[in-house]
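See structure below.
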Amino acid sequence: MTTRITKEIESANMNFIDILNTIPPENASLTFFAALPCSRPYLNDSSPYQLITLPSRYKKDDSSDMFFRETMNIPNTFPHILAFIRKEILRSNHLTWENLDREQIGPDIVLLVHLGSGANGFRDTAHGGVLAALLDETLLCCTESWAIQLHASGQAASATRPCSYTANLNISYRAPVESPGIIIVHAWLKKREGRKWFLGANILGENGRTRAEASALWISERVAVIAWTQQHNQSSGSKSTRCLIGAYADVHGRHQLVVVGDQNTGKSSVLQAITEVSFPVKDTMCTRFPIQISFRQTSAAKELPVKATVVPGPLSEEDDELLARVEDFVIEKKELTSEVMEEIIDKVSACGFGWSLFC
Numbered sequence: 004m005t006t007r008i009t010k011e012i013e014s015a016n017m018n019f020i021d022i023l024n025t026i027p028p029e030n031a032s033l034t035f036f037a038a039l040p041c042s043r044p045y046l047n048d049s050s051p052y053q054l055i056t057l058p059s060r061y062k063k064d065d066s067s068d069m070f071f072r073e074t075m076n077i078p079n080t081f082p083h084i085l086a087f088i089r090k091e092i093l094r095s096n097h098l099t100w101e102n103l104d105r106e107q108i109g110p111d112i113v114l115l116v117h118l119g120s121g122a123n124g125f126r127d128t129a130h131g132g133v134l135a136a137l138l139d140e141t142l143l144c145c146t147e148s149w150a151i152q153l154h155a156s157g158q159a160a161s162a163t164r165p166c167s168y169t170a171n172l173n174i175s176y177r178a179p180v181e182s183p184g185i186i187i188v189h190a191w192l193k194k195r196e197g198r199k200w201f202l203g204a205n206i207l208g209e210n211g212r213t214r215a216e217a218s219a220l221w222i223s224e225r226v227a228v229i230a231w232t233q234q235h236n237q238s239s240g241s242k243s244t245r246c247l248i249g250a251y252a253d254v255h256g257r258h259q260l261v262v263v264g265d266q267n268t269g270k271s272s273v274l275q276a277i278t279e280v281s282f283p284v285k286d287t288m289c290t291r292f293p294i295q296i297s298f299r300q301t302s303a304a305k306e307l308p309v310k311a312t313v314v315p316g317p318l319s320e321e322d323d324e325l326l327a328r329v330e331d332f333v334i335e336k337k338e339l340t341s342e343v344m345e346e347i348i349d350k351v352s353a354c355g356f357g358w359s360l361f362c
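Using the working numbering, read the sequence shown as starting at 4 and increasing by one per residue.
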């Protein structure tokens, strides 16, 4: 197996753009492709492309990219890969390129791939799944390059850069791909709308003939938004108390809001201001157990759309008497006012439900 990079580089902890800018390509791959006519548009001095190392082939200290850097990184599968990125993407004015007709300008990312017989499906023919993986990897490199540079430009909404994932990949296979052989993979950004990245890609043979075309949608995850609210505690003079708010979405896209803080720090007031649900905020009222409120669309004909139940915790699973009381506890109301919320909390407390039940 070819030595991909030096031990010094292998032990370095570098991010995606660092790898593109600083890690040299594999010498064996550069020598191999430099002798082929198909590489000349990308390697000549006037080329708009910068030679880079494909980040997924770079050795890391974790389990990321194992498919490309180990499983597929063997002599008879992908003996050689050379990658290029359009130089403008790495410049500070890259945002002016973002929504132009990238397909007409030229691809953002180019991969030259030497296919071995280990990628075969039929005899002397590359497996379609291998081609799909190469398209997806090239699209990843394209999306990550744009996303990181966009984030670094200061226009990102959060200090934490969100990860992006393939949401849709449509591939049209135009002709069989011979293997062993040489292919050229192109990927480009078409446009971006919020968290959605619309991309295109294709695979060309060494002779320039189109072998596959693809369109893709990548979606960036929602980033947690953290905010602090600070209140002056009148009873303790100069002491300040804080309430931490976290807003995010789970893997299914469902919005979640979590408020954490000391007693009487305004958690209920913050939730009420954000959700417009009337929480009881009296000085004598204290929320002594977790409250989960779920919003669902219901029929307008439903007379009592508000339903309150108790959810037992795992430590209560063996208490049959307690579970029976939990099952019997149901409150249904027409609307969720502060008075209704206070009534629910009072009844839950009166029934003996508390922290022990929710643990």
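Where a beta carbon is used, it is the ideal one built from N, C-alpha and C, also for glycine. For clarity, every value in this text was computed on a predicted model and none was experimentally measured.
Please check the pair V113 and H189, which I expect to be a contact at CB under 8 Å, by giving their CB distance rounded to whole angstroms. Counted from its first residue, the sequence shown places residue 113 at position 110. Counted from its first residue, the sequence shown places residue 189 at position 186. Contact between V113 and H189 holds, with the beta-carbon distance rounding to 6 Å and staying under 8 Å.
Do the segment 217 to 224 and the segment 164 to 177 meet, that is, are 3 or more Cβ pairs less than 8 Å apart? With the cut-off at 8 Å, the segment 217 to 224 and the segment 164 to 177 touch.
Could you give the first and the last residue of the continuous alpha helix (DSSP H) run that contains E345? The residue you call residue 345 lines up with position 342 of the sequence shown. Segment S341 to A353, the alpha helix (DSSP H) holding E345.
Per DSSP, which one or two residues make a beta bridge with N47? Numbered from 1 along the sequence shown, position 44 holds the residue referred to as residue 47. Beta bridge pairing from DSSP links N47 with no other residue.
Considering only DSSP beta bridges, list what Q53 is partnered with. The residue labelled residue 53 in the question sits at position 50 within the sequence shown. Q53 is bridged to I88.
Mind checking who V180 pairs with in its DSSP beta bridge? In the sequence shown, residue 180 corresponds to position 177, counting from 1. DSSP lists no partner for V180.
Inter-residue CB distance, K193 and G208 (contact presumed, cutoff 8 Å): By 1-based counting over the sequence shown, the position of residue 193 is 190. By 1-based counting over the sequence shown, the position of residue 208 is 205. Under the criterion of beta carbons closer than 8 Å, K193 and G208 do not qualify as touching, at roughly 24 Å.
In chain order, what are the residue ranges of uninterrupted beta strand (DSSP E) at least 3 long that sit wholly in the segment 189 to 217? Taking only runs of at least 3 residues, the beta strand (DSSP E) segments lying wholly in the segment 189 to 217 are 199 to 208.
Helix, strand or coil, according to DSSP, for I112 in the structure here? Translated into positions along the sequence shown, residue 112 becomes position 109. Of the three classes helix, strand and coil, the one that applies to I112 here is strand, per DSSP.
Starting from E147, follow the alpha helix (DSSP H) in both directions and report where the run begins and ends. For the purposes of this step, residue 147 is taken as residue 144 along the sequence shown, with counting starting at 1. Taken as a continuous stretch (DSSP letters only), the alpha helix (DSSP H) holding E147 covers G131 to L153.
Can you tell me the Cβ-Cβ gap for L339 and V309, rounded? I've got them flagged as a contact below 8 Å. The residue you call residue 339 lines up with position 336 of the sequence shown. The residue you call residue 309 lines up with position 306 of the sequence shown. Right, their Cβ atoms sit about 5 Å apart.
Which residues share a DSSP beta bridge with A311? For the purposes of this step, residue 311 is identified with residue 308 of the sequence shown, where counting begins at 1. Looking at the DSSP output, A311 sits in a beta bridge with I334.
List the whole-angstrom C-beta distance separating H117 from H83, where the pair is believed to meet the contact cut-off of C-beta under 8 Å. Sequence index remark: in the sequence shown, residue 117 carries index 114 (1-based). Sequence index remark: in the sequence shown, residue 83 carries index 80 (1-based). That belief holds up - the Cβ atoms of H117 and H83 are roughly 4 Å apart, short of 8 Å.
Nonlocal neighbours in the same chain, by C-beta distance under 7 Å from K199, ignoring five residues either side: As a working note, residue 199 is residue 196 in the sequence shown. Sequence-distant Cβ neighbours of K199 in its own chain, meaning closer than 7 Å and more than five residues away, are L220 and I222.
Using a 10 Å radius around the Cβ and a threshold of 16 neighbouring Cβ atoms, would you call V263 buried or exposed? Residue 263 sits at position 260 when you count from the first residue of the sequence shown. Exposed: under 16 other Cβ atoms inside 10 Å.
CB N123 to CB S32, shorter than 8 Å? Along the sequence shown, read from residue 1 onward, the residue named residue 123 stands at position 120. Along the sequence shown, read from residue 1 onward, the residue named residue 32 stands at position 29. Here N123 is not near S32, since their CB atoms are 8 Å or more apart.
Would you kindly report the start and end of the unbroken alpha helix (DSSP H) that includes N30? Counting from one through the sequence shown, the residue named residue 30 turns up at place 27. From DSSP, the alpha helix (DSSP H) with N30 extends over N30 to A37.
With H, G and I counted as helix, E and B as strand and the rest as coil, what does DSSP make of I296? Indexing the sequence shown from 1 puts residue 296 at position 293. I296 carries a coil assignment under DSSP once its states are collapsed to helix, strand and coil.
Helix, strand or coil at N123 according to DSSP, with G and I counted as helix: As a first step, residue 123 must be located in the sequence shown, where it is residue number 120. DSSP places N123 in strand when its eight states are reduced to three.
What is the DSSP secondary structure of N24, counted as helix, strand or coil? In the sequence shown, the residue the question calls residue 24 occupies position 21. Three-state result, N24: helix.
CA-CA distance, S352 and R72? Position 349 of the sequence shown, counting from 1, holds the residue named residue 352. Position 69 of the sequence shown, counting from 1, holds the residue named residue 72. In this structure, the alpha-carbon of S352 lies about 57 Å from that of R72.
Decide if I229 is buried, meaning its Cβ has at least 16 other Cβ atoms within 10 Å, or exposed. If you number the sequence shown from 1, residue 229 lands on position 226. Per-residue confidence for I229 stands at a pLDDT of 45, beneath the threshold of 50, marking its modelled position as unreliable; no derived number is given.
Sequence-distant residues of its chain with Cβ nearer than 8 Å to T56 (five each side left out): On the sequence shown, residue 56 is found 53 positions in, with the first residue counted as 1. Counting only Cβ-Cβ distances below 8 Å, and skipping sequence neighbours, we find I8, I22, L23, I26, P27, P28, E29 and A86.
Report yes if the CB atom of V180 is closer than 8 Å to the CB atom of T141, and no otherwise. Start at 1 with the first residue of the sequence shown, and residue 180 comes out as number 177. Start at 1 with the first residue of the sequence shown, and residue 141 comes out as number 138. Cβ distance not < 8 Å, so V180 and T141 don't count as in contact.
Note down, in chain order, each residue of its chain lying with its Cβ closer than 7 Å to the Cβ of E145, except the 5 sequence neighbours on either side. For the purposes of this step, residue 145 is identified with residue 142 of the sequence shown, where counting begins at 1. In the sequence as displayed, the identity of residue 145 is Cys instead of Glu. If we look at C145 and ignore the five residues flanking it on each side, its Cβ neighbours are D111, I112, A190, W191, L192 and L202.
Looking at the strands, I want to know which residues DSSP matches up with Y168. Residue numbering aside, residue 168 sits at position 165 when the sequence shown is read from its first letter. Residue pairing by DSSP places Y168 opposite I222 in a beta bridge.
Measuring straight from C-alpha to C-alpha, what distance separates I36 and L115? Mapped onto the sequence shown, residue 36 falls at position 33. Mapped onto the sequence shown, residue 115 falls at position 112. Looking at the sequence shown, residue 36 is not Ile but Phe. For F36 and L115, the distance between alpha carbons rounds to 8 Å.
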